[in-house]
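Novice: Have a look at this one.
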Amino acid sequence: MSCGFEEDGVAYLDGELPRERAEALAAHLPGCVLCTAQHAGLVRLREQVAALASAPLPLPSPGLRARVLAEVAGANGSPGTGLWAWLRGRLQPWMLAPALAGLAALAWLAWSPASPPSPSLDAPLPAWAAEATEEPAVLEAALVMDELDELRLGALETPEDLEVISALDELEQEGRP
Amino acid sequence: MARRTLAPSGRNFPRAPVLNVPGNAMNAPPDEDCARMARVARGDTRAFAELFDRHQASVVRFATRFVGDAARGEELAQDIFVSLFRAAPRYQPTARFKTWLYRVATHHCLNARRGLAARASSVGSEPLAHVPADPSHSPHAVAEGRELAGVLSAGLAALPERERAAFTLSRFEGLSYREVAEALETSESAVKSLVHRATVALAGRVETHGRAA
Numbered sequence: 000m001s002c003g004f005e006e007d008g009v010a011y012l013d014g015e016l017p018r019e020r021a022e023a024l025a026a027h028l029p030g031c032v033l034c035t036a037q038h039a040g041l042v043r044l045r046e047q048v049a050a051l052a053s054a055p056l057p058l059p060s061p062g063l064r065a066r067v068l069a070e071v072a073g074a075n076g077s078p079g080t081g082l083w084a085w086l087r088g089r090l091q092p093w094m095l096a097p098a099l100a101g102l103a104a105l106a107w108l109a110w111s112p113a114s115p116p117s118p119s120l121d122a123p124l125p126a127w128a129a130e131a132t133e134e135p136a137v138l139e140a141a142l143v144m145d146e147l148d149e150l151r152l153g154a155l156e157t158p159e160d161l162e163v164i165s166a167l168d169e170l171e172q173e174g175r176p
Numbered sequence: 000m001a002r003r004t005l006a007p008s009g010r011n012f013p014r015a016p017v018l019n020v021p022g023n024a025m026n027a028p029p030d031e032d033c034a035r036m037a038r039v040a041r042g043d044t045r046a047f048a049e050l051f052d053r054h055q056a057s058v059v060r061f062a063t064r065f066v067g068d069a070a071r072g073e074e075l076a077q078d079i080f081v082s083l084f085r086a087a088p089r090y091q092p093t094a095r096f097k098t099w100l101y102r103v104a105t106h107h108c109l110n111a112r113r114g115l116a117a118r119a120s121s122v123g124s125e126p127l128a129h130v131p132a133d134p135s136h137s138p139h140a141v142a143e144g145r146e147l148a149g150v151l152s153a154g155l156a157a158l159p160e161r162e163r164a165a166f167t168l169s170r171f172e173g174l175s176y177r178e179v180a181e182a183l184e185t186s187e188s189a190v191k192s193l194v195h196r197a198t199v200a201l202a203g204r205v206e207t208h209g210r211a212a
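Chains as they are written, first to last, in numbering that gives the first Met the number 0: chain A, 0 to 176; chain B, 0 to 212.
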């Protein structure tokens with residue numbers, strides 16, 4: 000049989016019932032076996048939970064503060080929203096290596112011997128480029144490019160190629176008036 | 000007096016004690032943290048560090064209790080604080096800062112729990128804290144206290160998410176029903192039901208354990 004107070008016991012103990020309702024429950028309690036039993040159980044649980052709440056949890060690791068502040072410092076400047084803020088939260092330092100390798104490949108294509116030689120090739124590398132060449136991925140890309148370069152230049156030096164070029168020259172001269 | 004024993008109601012009845020640790024800013028004037036958030040919105044990392052120092056203990060504690068795992072709780076706390084920094088420009092001081100912080104924290108923890116459930120991983124239910132042994136207690140009483148802590152932790156882990164959130168905020172963090180309602184973005188009457196159901200479920204577990212022991 001419902002007395003209408005079953006859902007009020009916890010809020011009553013928490014002091015969260017409206018005054019009239021709390022007074023009604025207080026008057027009801029002594030005469031209701033079910034509510035009295037529930038109340039006693041809730042009081043016991045309350046004490047047990049209070050003991051648990053006051054027990055110390057493991058302390059946060061000392062590195063937590065440093066990690067949070069570092070992440071925030073990385074995001075500082077515009078802690079707002081938008082695509083850039085979203086991207087910035089996801090970019091990682093290791094992503095730089097392939098990006099630099101790609102940049103190096105583009106630079107090689109632009110400055111390759113097929114293009115007219117540029118005097119800037121002889122200039123010393125800027126600091127960022129010098130650092131970039133220390134990245135393993137960049138060094139690997141540079142090695143592959145060197146090999147390709149050698150193959151291309153070497154192909155013009157074979158006797159067969161020179162013979163073909165010579166024959167073509169002769170044919171060209173014969174065809175001239 | 001029977002009524003005094005049975006009816007310790009009213010605002011003066013002591014709520015479960017909030018852990019008195021450094022960094023617990025539960026009773027701090029709300030305007031200070033709101034002002035700090037305004038500075039954070041302008042990119043002031045020192046203000047952010049102050050907020051972190053004031054609230055890290057309670058955020059880590061809440062997240063740890065919520066997911067039932069200390070390491071995961073700390074990871075979540077990190078995410079929560081970084082989110083707080085990023086959300087600073089949108090912060091409107093319509094509620095106490097602490098309540099807003101718990102809203103962000105609860106949101107993260109609920110998502111984390113859903114993520115764990117999606118990966119079919121178990122949520123930790125090991126006792127996260129043991130009631131410190133009182134030297135005056137017998138070894139039997141100490142062992143019993145530890146066992147009870149385990150039962151309560153397992154009971155918390157088994158609660159539905161929102162009941163767990165409402166119970167944790169109310170019992171362990173000392174929030175009023177109104178503040179819990181703000182944190183969970185629901186009504187006070189809904190919080191009353193959530194806390195009631197959670198408490199009755201835990202009481203039932205403890206009682207069953209007591210009978211079996």
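Each residue gets a CB set at the ideal place from its N, CA and C atoms; glycine is no exception.
#1: Using a C-beta cutoff of 9 Å, does Val20/B count as contacting chain A?
#2: Would the segment 73-80 of chain B count as touching the segment 33-43 of chain B if we require 3 or more Cβ pairs under 8 Å?
#3: Leu147/B versus chain A: which residues are under 9 Å apart at the beta carbon?
#4: With respect to the alpha helix (DSSP H) encompassing Ala94/B, which residues constitute its N-terminal and C-terminal limits?
#5: At the level of alpha carbons, what is the spacing between Gly3/A and Arg196/B?
#6: Less than 8 Å between the CB of Val67/A and some heavy atom of the ligand FAD, yes or no?
#7: Can you give me the C-alpha to C-alpha distance between Gly149/B and Gly72/B, rounded to a whole angstrom?
#8: Please list the partners that Pro57/A has in chain B, where partner means a Cβ-to-Cβ separation under 7 Å.
#9: Is there a Cβ of chain B sitting closer than 9 Å to that of Leu33/A, yes or no?
#10: Find the residues of chain A that neighbour Val205/B, judging by a C-beta separation of less than 9 Å, and give them in chain order.
#11: Could you please tell me which residues of the segment 176-187 of chain B, in chain order, have their CB closer than 7 Å to any CB of chain A?
#12: Going by DSSP in three states, Phe166/B sits in which element: helix, strand or coil?
#13: Just confirm the distance between the C-beta atoms of Arg45/A and Leu12/A, as a whole number of angstroms; I'd bet it's less than 8 Å.
#14: Measure from the C-beta of Ser60/A to each C-beta in chain B and report whether the shortest distance is under 9 Å.
#15: Roughly how far, in whole angstroms, is the beta-carbon of Leu193/B from the beta-carbon of Arg161/B, given that I think they are within contact range, below 8 Å?
#16: Given this structure, state the Cα-to-Cα distance separating Ala23/A from Gly8/A, to the nearest angstrom.
#17: Please report how far the alpha carbon of Pro61/A lies from the alpha carbon of Ala72/A, in whole angstroms.
#18: Using CA atoms only, rank isn't needed, just tell me which of Leu183/B, Lys191/B, Thr167/B, Ser57/B is closest to Glu5/A.
#19: For Ala40/B, which residues from the same chain have a beta carbon less than 8 Å from its beta carbon, with the 5 sequence-adjacent residues on both sides left out?
#20: Leaving out five residues before and five after Pro92/B in sequence, what residues of the same chain have Cβ atoms less than 6 Å from its Cβ?
#21: Would you say Ala3/A lies against chain B (beta-carbon separation less than 9 Å)?
#22: DSSP on Leu63/A, reduced to helix/strand/coil?
#23: For Val66/B, decide whether its Cβ has a neighbour in chain D, counting only Cβ atoms nearer than 9 Å.
Specialist: Reading off the structure:
#1: Low confidence applies here, because Val20/B scores a pLDDT of 36, under 50, leaving its location unreliable; read the following figure in that light. So yes, Val20/B belongs to the interface.
#2: Counting Cβ pairs under 8 Å, fewer than three are found: no touch.
#3: Per Cβ cutoff of 9 Å: Gln47, Ala50, Leu51.
#4: Counting along the chain, no alpha helix (DSSP H) covers Ala94/B, and no H or E run does either.
#5: When the Cα atoms are used, Gly3/A and Arg196/B turn out to be separated by approximately 16 Å.
#6: Among the components modelled here there is no ligand, and therefore nothing to report on the ligand FAD.
#7: Cα to Cα, Gly149/B sits roughly 18 Å from Gly72/B.
#8: Under the 7 Å cutoff, chain B gives Ala69.
#9: No, Leu33/A lies away from the interface with chain B (no Cβ there is under 9 Å from its Cβ).
#10: Under the 9 Å cutoff, chain A gives Gly40, Arg43, Leu44, Gln47.
#11: Identification of residues in the segment 176-187 of chain B having a C-beta nearer than 7 Å to some C-beta of chain A yields Tyr176, given in sequence order.
#12: In the three-state reduction of the DSSP assignment, Phe166/B falls in the helix class.
#13: Right, their Cβ atoms sit about 6 Å apart.
#14: Chain B contact via Cβ: present.
#15: At roughly 6 Å, the Cβ-Cβ gap stays under 8 Å, so Leu193/B and Arg161/B are in contact.
#16: For the pair Ala23/A and Gly8/A, the Cα-to-Cα distance works out to about 12 Å.
#17: The alpha-carbon of Pro61/A is positioned some 18 Å away from that of Ala72/A.
#18: Among Leu183/B, Lys191/B, Thr167/B, Ser57/B, the Cα nearest to that of Glu5/A belongs to Lys191/B.
#19: These residues qualify, in order along the chain: Ala87, Pro88, Tyr90.
#20: Apart from sequence neighbours up to five positions away, the residues of its chain that approach Pro92/B with a beta-carbon distance below 6 Å are Cys33, ordered along the chain.
#21: The amino acid at residue 3/A is misidentified as Ala; the sequence shows Gly. By the rule that beta-carbons nearer than 9 Å mark a contact, Gly3/A does not touch chain B.
#22: Here Leu63/A sits in helix by DSSP.
#23: The displayed structure is made up of protein chains A and B, and chain D is not among them.
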